[in-house]
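Have a look at the structure below, then the notes.
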Amino acid sequence: MDERAERYVHVLLFECSQCGGPVTWAQVSEERNLEKVDGQPVPCQCNNCGWSGSLLGLHSRQHWVEPWNGANRRSIADHDRDSGPSA
Ligand SMILES: [Zn+2]
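Position 28 (the sequence shown) corresponds to 9 in the numbering used here; numbering is contiguous.
Right under this line is the structure:
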């Protein structure tokens, strides 16, 4: 078995409470679970107005999780998005 620990990048997109601009945060985690990240405050800074502070993941407008295997991404066979709109 050559199964190394899966890693994921969590990307959060917030709306700045000061100016309404976009504020992003990203971090590599071994957790794919959204809930753990959603439940913790993350340090953010707005590039637009300079505001900085902690925001709860829960309050993000969007939360993406991307498989992140560093330089070796061969486990991703295709680059087609197979998660089409399910609505
Ligand atoms: Zn701002």
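Backbone N, C-alpha and C define an ideal beta-carbon position, used for all residues, glycine too.
Q. Is R62 helix, strand or coil when you go by DSSP?
A. Below a pLDDT of 50, predicted positions are generally treated as unreliable, and R62, at 49, falls in that range; the measurement from the model is reported next regardless. Coil, per DSSP.
Q: Just the C-alpha distance for S41 and Q21, rounded to the nearest angstrom, thanks.
A: Answer to the nearest angstrom: the Cα atoms are 11 Å apart.
Q. What is the residue span of the beta strand (DSSP E) that E(-4) lies within?
A. Per DSSP, E(-4) belongs to the beta strand (DSSP E) from Y(-11) to E(-4).
**Q.** Q43 versus L(-6): straight-line alpha-carbon distance, rounded
**A.** Cα to Cα, the separation comes out at about 5 Å.
Q.
Taking the alpha helix (DSSP H) that E16 belongs to, which residues open and close that run?
A. Judged by DSSP secondary structure, E16 falls within the alpha helix (DSSP H) whose first and last residues are L15 to D19.
Q | Proximity of V(-10) and L15 at Cβ, strictly below 8 Å | A | The criterion of a C-beta distance shorter than 8 Å is not satisfied by V(-10) and L15.
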